[in-house]
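With the numbering used here as the guide, the letters of the sequence shown map in order to residues 297 to 458.
Using N, Cα and C, we set each Cβ at its ideal position, and we do this for glycine too.
First up is the structure itself, then whatever we jot down about it.
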Amino acid sequence: MRITGVMVQYYFTCRRELWFFSRGLNFDFENEDMLIGRLIHEESYERDWKEVLLGDAMLDVVRRRNGIAVMEVKKSSKLEEPAKWQLKYYLYLLRKAGVEAEGLITYPREGRRERVALTEEDVQTLENVLGDIKRVISLEAPPPAEKKPYCRRCAYRDFCWV
Ligand code: SF4
């Protein structure tokens with residue numbers, strides 16, 4: 297069963313969204329965040345930035361003075377916690393591959409950047425989360441819709457609310 301970073305992010309955002317995504321309903325995949333990310337990388341990290349495929353995850357890796365960092369570029373910090381867990385998952389995959397890295401989330405519109413580290417407690421949490429993601433995406437029907445502030449901007453809103 298393949299678990300991507302986006303799935304980890306959706307787990308922390310909405311389990312119903314995760315379920316739809318796991319069924320291939322990923323029409324929002326080429327979204328604005330990704331396009332912004334490309335622009336930022338091209339402008340700022342042209343020489344030091346590389347895309348690295350690790351299992352099913354495509355990581356944006358930047359070489360820094362003290363080692364390497366995995367970058368995530370986000371349009372806004374409204375979903376900061378899910379974004380952090382997505383990045384922690386990438387750090388977790390790298391650690392399992394024998395590579396230690398730090399995480400950096402950049403919010404270009406807010407002029408802000410945040411460092412993300414992977415603690416032993418995070419590893420434990422992630423291992424529980426990965427198990428629960430498998431449970432959610434194995435369900436025969438999506439979990440019920442729950443009204444959230446970001447439902448109105450969710451790609452799946454037409455499947456939840458009329
Ligand atoms: S519209 Fe709301 S309840 Fe439905 S999938 Fe999106 S976030 Fe979840």
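Residue environment, residue i, which counts as buried when at least 16 other CB atoms sit within 10 Å
{"i": "residue 309", "result": "buried"}
{"i": "residue 454", "result": "exposed"}
{"i": "residue 342", "result": "Unreliable positioning characterises residue 342 in this predicted model, as indicated by a pLDDT of 48, which lies under 50. A coordinate reading is not provided."}
{"i": "residue 415", "result": "exposed"}
{"i": "residue 368", "result": "buried"}
{"i": "residue 382", "result": "buried"}
{"i": "residue 377", "result": "exposed"}
{"i": "residue 435", "result": "exposed"}
{"i": "residue 487", "result": "An answer regarding residue 487 cannot be provided, because it is not within the stretch 297 to 458 covered by the chain."}
{"i": "residue 379", "result": "buried"}
{"i": "residue 458", "result": "exposed"}
{"i": "residue 313", "result": "buried"}
{"i": "residue 449", "result": "exposed"}
{"i": "residue 370", "result": "buried"}
{"i": "residue 443", "result": "exposed"}
CB contact flag (residue i, residue j, <7 Å)
{"i": "residue 386", "j": "residue 320", "result": "no"}
{"i": "residue 432", "j": "residue 311", "result": "yes"}
{"i": "residue 306", "j": "residue 317", "result": "yes"}
{"i": "residue 413", "j": "residue 366", "result": "no"}
{"i": "residue 355", "j": "residue 388", "result": "no"}
{"i": "residue 438", "j": "residue 315", "result": "yes"}
{"i": "residue 391", "j": "residue 400", "result": "no"}
{"i": "residue 384", "j": "residue 352", "result": "no"}
{"i": "residue 361", "j": "residue 344", "result": "no"}
Residues that DSSP places opposite residue i in a beta bridge
{"i": "residue 356", "result": "347, 367"}
{"i": "residue 433", "result": "Paired residues: none, contrary to the question."}
{"i": "residue 403", "result": "408"}
{"i": "residue 398", "result": "365"}
Cβ separation of residue i and residue j, assumed to be a contact under 8 Å, to the nearest whole Å
{"i": "residue 406", "j": "residue 373", "result": "6 Å"}
{"i": "residue 446", "j": "residue 375", "result": "7 Å"}
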